[in-house]
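Heads up: the sequence shown begins at 34 in our numbering, then just goes up one per residue. Cβ atoms here follow ideal geometry from the backbone N, Cα and C, with glycine treated the same way. Reviewing the structure listed below.
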Amino acid sequence: KWSEILSSGKLKPRVVLNNRRMVFDLPPKEANLNNFVEEMLMNALSLSLDSLMEQPEALVRLLDATSYLQILRLDELDFSGASCFCLFVNVYHCLLQHALLLTVNGPLKKGSCAHFMRSACYEIGGDVFSLAELLYCVVRGGLSKASHPKPPYIDVPKKSAAFRYYALGFTSARANFVLNTGDLACPKAVIVLRPEDLEQQLNVAASEYIKRNVKIDESKRIILVPKVCEVYRHDFGFEGANAAMACLQYCVGFMEDSMASRVESLLRESPPPSVKFQPLAENYHSYLRLKTFSSDDEEDE
34 KWSEILSSGK
44 LKPRVVLNNR
54 RMVFDLPPKE
64 ANLNNFVEEM
74 LMNALSLSLD
84 SLMEQPEALV
94 RLLDATSYLQ
104 ILRLDELDFS
114 GASCFCLFVN
124 VYHCLLQHAL
134 LLTVNGPLKK
144 GSCAHFMRSA
154 CYEIGGDVFS
164 LAELLYCVVR
174 GGLSKASHPK
184 PPYIDVPKKS
194 AAFRYYALGF
204 TSARANFVLN
214 TGDLACPKAV
224 IVLRPEDLEQ
234 QLNVAASEYI
244 KRNVKIDESK
254 RIILVPKVCE
264 VYRHDFGFEG
274 ANAAMACLQY
284 CVGFMEDSMA
294 SRVESLLRES
304 PPPSVKFQPL
314 AENYHSYLRL
324 KTFSSDDEED
334 E
């Protein structure tokens, strides 16, 4: 579990961020596991670069909370269900925020993304998971692999393949819109996933991501669609030369009425518009924040 990671062709140590308190120093907690992790993520997303200086005790509370992940019983989890999907997505986003706030190499950028994702780790249940291993081996373990991955989409080293043992059984193409990779194609605000609200939350995340990443230029007759749909096109069933158009048709189902009307108007015209995938995002958020969610949000969209 303490094996080094391969980054830029060199073996480098893992940076484990949740070892402030040792296992023997953790008082027992009776809280529901999902509720505990949800609260942990909300606390993480309440932090910012400024608050670390103004309220260092808030960071200490986060470090104490994440220490409990060391004693999480992985063998007692049902990796096939929605509850476990919410649990691990929330842990992943907590680690992402934690690592963004504490990065010592300045703001995240294209050249440092792969090392960042492969080296920032949490110890969970006696094993050590990097951001990349949580994202690509666990959460996305049952989904397709990235097609020609380049930052912000990376691949995991071959040595990390063993982490696919923990691959989640819950799969949905909409997961591509809720999983934040820190780049500006993703919203800065992160939803704390809850099993009882998951379907609505995935729909809300899809709508917001698509609103952010679909660009329509009527004058040039060009429509740009999310890059993530090209990178993980097998999740959506998009293939061949018509992949971008198929992506657009999928996205229309999650668009606000006004945007959908603009798209449909262009598609009715002859010749049809040029539909292309967005370029890769090259800039990154310095930290993330909390997106509030209620069960009425989907209706409000």
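Item                                                                                                                : Value
Nonlocal neighbours in the same chain, by C-beta distance under 8 Å from Leu164, ignoring five residues either side : Tyr125, Leu128, Leu129, Ala132, Phe149, Met150, Arg151, Ala153 and Cys154
Close Cβ partners of Val48 (< 7 Å) along its chain, the five nearest in sequence each way excluded                  : Ser152, Ala153 and Cys154
Asn52 versus Ala179 - alpha carbon distance                                                                         : 31 Å
Close Cβ partners of Asp268 (< 7 Å) along its chain, the five nearest in sequence each way excluded                 : Leu176, Ser177, Ala206 and Asn209
Residue closest to Ser252, alpha-carbon to alpha-carbon, out of Ala64, Ser307, Val93 and Phe162                     : Ser307
DSSP state of Val247 mapped onto helix, strand, coil                                                                : coil
Cβ-based burial, Lys260 [other Cβ within 10 Å; buried from 16]                                                      : buried
C-alpha gap between Ala147 and Val93, whole angstroms                                                               : 27 Å
Completely contained alpha helix (DSSP H) runs for the region 278–331, where each covers 4 or more residues         : 290–301
Cβ-Cβ separation, Leu168 to Asn316 (assumed contact under 8 Å), whole Å                                             : Asn316 to Leu168, Cβ: 20 Å. No contact.
Range of the contiguous beta strand (DSSP E) that encloses Asp188                                                   : Here Asp188 belongs to no beta strand (DSSP E), and DSSP marks it neither H nor E.
Cβ distance (whole Å) where Ile80 is taken to contact Leu134 below 8 Å                                              : What sits at residue 80 in the sequence shown is Leu, not Ile. With a Cβ gap of about 6 Å, Leu80 and Leu134 count as contacting.
Helix, strand or coil at Lys253 [DSSP, three-state]                                                                 : coil
Candidates Tyr101, Leu82 and Met292, of which the one nearest Gly159 by Cα                                          : Tyr101
Start-to-end residues for the alpha helix (DSSP H) that takes in Phe69                                              : Leu66 to Leu78
Rounded separation between Leu141 and Thr214 - CA only                                                              : 11 Å
Asn123 vs Leu226 beta-carbon contact at 8 Å                                                                         : yes
Nearest-angstrom Cβ-Cβ length linking Phe121 and Val161, presumed shorter than 8 Å                                  : Incorrect: roughly 15 Å between the Cβ atoms, too far for contact.
Straight-line gap, Phe310 to Met75 (C-alpha atoms, nearest Å)                                                       : 33 Å
Val237 versus Ile256, Leu201, Ala279 and Lys324, residue with shortest Cα-Cα distance                               : Lys324
Between the CA atoms of Arg173 and Val211 - distance to the nearest angstrom                                        : 12 Å
Residues near Glu241 in its chain [Cβ-Cβ closer than 7 Å; skip 5 each side]                                         : Pro220
Same chain, Cβ closer than 7 Å to Ala335, neighbours up to 5 away in sequence not counted                           : No answer is possible for residue 335: the residues shown for the chain start at 34 and end at 334.
Backbone CA spacing between Glu272 and Cys280 [nearest angstrom]                                                    : 10 Å
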